[in-house]
Amino acid sequence: MRKREDVMADGSDLWLSLNKVCGKKVVDVQGYVTGEFGEDCAVFKMHKIVFDDESEVFCEGEHDLPYLTGVEVEDLLEKDEDDE
195 MRKREDVMAD GSDLWLSLNK VCGKKVVDVQ GYVTGEFGED CAVFKMHKIV
245 FDDESEVFCE GEHDLPYLTG VEVEDLLEKD EDDE
């Protein structure tokens with residue numbers, strides 16, 4: 195089982211590295227640009243992330259809370275002390 199410390203982004207004690215979580219290198223982030231928040235506010239909406247082995251995971255969620263599907267992270271879920 196992985197530990198959170200093993201997948202932390204270099205130099206961070208808060209953020210995880212997607213490369214380390216997936217054990218692959220991200221080679222592209224694909225999406226599209228929308229002006230849904232006004233013409234002066236173009237936003238790049240992520241659709242999918244492509245890895246060096248040509249596998250991909252898809253981004254879902256709302257504009258302020260995107261998430262990825264197809265990434266196994268259950269073992270990294272922080273648990274409350276009450277849950278243990």
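Residue 234 in the numbering used here is what sits at position 40 of the sequence shown, and the numbering runs on without skipping anything. Ideal Cβ placement from N, Cα and C applies to all residues, glycine included.
Is DSSP giving residue i helix, strand or coil here?
i: V265; result: coil
i: L270; result: helix
i: L212; result: helix
For the candidate residues the options, whose alpha-carbon lies nearest to that of residue i?
i: K242; options: V220, D234 and C235; result: V220
i: A203; options: D234, N213, F238 and M240; result: N213
i: V265; options: S211, C216, S206 and D207; result: C216
i: E250; options: E256, V237, L270 and K218; result: K218
i: D222; options: D207, R198, V237 and C253; result: C253
i: F238; options: F245, P260 and E248; result: P260
Label residue i either buried or exposed according to how many other C-beta atoms from any shown protein chain fall within 10 Å of its C-beta, with 16 as the threshold for buried.
i: C235; result: exposed
i: V227; result: exposed
i: V201; result: buried
Compute the beta-carbon to beta-carbon distance between residue i and residue j, rounded to the nearest angstrom, for a pair I have assumed lies under 8 Å.
i: M240; j: G229; result: Not a contact, Cβ separation roughly 16 Å.
Complete beta strand (DSSP E) runs within the segment 222–252 (minimum length 3 residues, chain order): 237–245
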